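Engineer:
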Amino acid sequence: QKEVEQDPGPLSVPEGAIVSLNCTYSNSAFQYFMWYRQYSRKGPELLMYTYSSGNKEDGRFTAQVDKSSKYISLFIRDSQPSDSATYLCAMSADSWGKLQFGAGTQVVVTP
Amino acid sequence: DVKVTQSSRYLVKRTGEKVFLECVQDMDHENMFWYRQDPGLGLRLIYFSYDVKMKEKGDIPEGYSVSREKKERFSLILESASTNQTSMYLCASIRGGGMNTEAFFGQGTRLTVV
């Protein structure tokens with residue numbers, strides 16, 4: 197079993213809808229949680245970063261971490277066609293930046 | 640503007656060849672990583688380095704080696720390329736861990752082994 201599970205999608209939504217993405221994990225030592233966005237033929241770029249449990253909001257993006265359930269989520273409000281990308285969850289247990297990634301969910305926002 | 644540069648976007652190599660993938664970062668980061676990305680599997684860590692001349696195996700090091708002679712450069716070596724090493728390879732660097740674990744990625748090298 198993988199340490200980090202993420203539904204690969206694709207997830208297709210109409211413009212303006214809320215996109216809901218999630219990951220589950222098995223390693224209780226994870227304490228740093230991230231979401232990366234990857235456009236086609238590009239490297240991933242950091243979108244959201246959360247330490248331990250809680251919520252974090254940045255513009256249209258909200259990240260949630262529930263360590264008791266080993267579950268993290270990313271919500272994108274008022275989705276735009278430019279949000280079409282692959283979203284990867286990532287997490288780390290140590291202070292050195294060694295990350296475990298989910299498989300990535302492909303999101304398509306249709307005009 | 641931070642930058643991680645991988646030497647090639649696309650490479651085609653023959654089975655058995657020795658292949659070098661180069662990565663350079665200009666951010667004075669201590670930590671550098673090599674991942675491969677395959678559909679349905681996400682990014683998997685091959686090797687990483689916390690300092691010059693220092694290396695640690697990741698989750699899938701078999702068939703690979705690395706070199707870090709200078710802080711800014713981290714090379715991935717496929718000793719004898721095989722078709723199952725056809726993949727997207729991504730290099731990343733991180734300043735440090737803990738609360739500052741933002742990884743900056745290069746644009747990726749798509750390697751095809753024929």
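Chains as they are written, first to last, in this note's numbering: chain A, 197 to 307; chain B, 640 to 753.
Idealized CB from N, CA, C, for every residue including glycine.
Predicted model only: the values in this text are computed from it and were never measured.
(1) Let me know if threonine 654 of chain B comes out buried or exposed under the rule of 16 or more other beta-carbons within 10 Å of its beta-carbon.
(2) Taking contact to mean at least 3 C-beta pairs separated by less than 8 Å, is the segment 245–258 of chain A in contact with the segment 212–232 of chain A?
(3) Lysine 294 of chain A: buried (16+ other C-beta within 10 angstroms of its C-beta) or exposed?
(4) Run down chain B in chain order and give the residues with a C-beta less than 7 Å from the C-beta of tyrosine 245 of chain A.
(5) Considering only residues of the same chain and omitting the five flanking positions on each side of glycine 697 of chain B, which have a CB-CB separation below 7 Å?
(6) Taking 8 Å as the CB-CB cut-off, is phenylalanine 744 of chain B touching chain A?
(7) With a cut-off of 8 Å, do at least 3 Cβ pairs link the segment 272–288 of chain A to the segment 252–263 of chain A?
(8) Beta-carbon within less than 8 Å of valine 753 of chain B's beta-carbon, same chain only, minus the 5 sequence neighbours each way: which residues are those?
(9) Determine, using beta carbons only, whether cysteine 662 of chain B and valine 643 of chain B come nearer to each other than 8 Å.
(10) From which residue to which residue does the beta strand (DSSP E) around methionine 230 of chain A run?
(11) Suppose only complete runs of 4+ residues qualify. What are the alpha helix (DSSP H) ranges in the segment 246–301 of chain A, listed by chain order?
(12) Sort out for me which residues DSSP pairs arginine 648 of chain B with in a bridge.
(13) Whole angstroms are fine: how far does the CA of proline 307 of chain A sit from the CA of glutamine 296 of chain A?
(14) Restricting to Cα atoms, I'd like to know which of B/Glu708, B/Ser719, B/Arg707 is closest to glutamate 701 of chain B.
Structural biologist: According to the structure data:
(1) exposed
(2) yes
(3) Per the 10 Å Cβ criterion, buried.
(4) Neighbours of tyrosine 245 of chain A in chain B, taken as residues whose beta carbon is under 7 Å from its own, are Glu741 in chain order.
(5) Excluding its 5 nearest sequence neighbours in each direction, glycine 697 of chain B has C-beta neighbours in its own chain below 7 Å: Leu684, Ile685, Tyr686, Phe687, listed in chain order.
(6) At least one C-beta of chain A is nearer than 8 Å to the C-beta of phenylalanine 744 of chain B.
(7) Here the segment 272–288 of chain A lies against the segment 252–263 of chain A, with 3 or more beta-carbon pairs under 8 Å apart.
(8) Val651, Lys652, Arg653, Thr654, Thr722
(9) yes
(10) 228–234
(11) Within the segment 246–301 of chain A, no complete alpha helix (DSSP H) run reaches 4 residues.
(12) Partner(s): none; arginine 648 of chain B has no beta bridge.
(13) 33 Å
(14) B/Ser719
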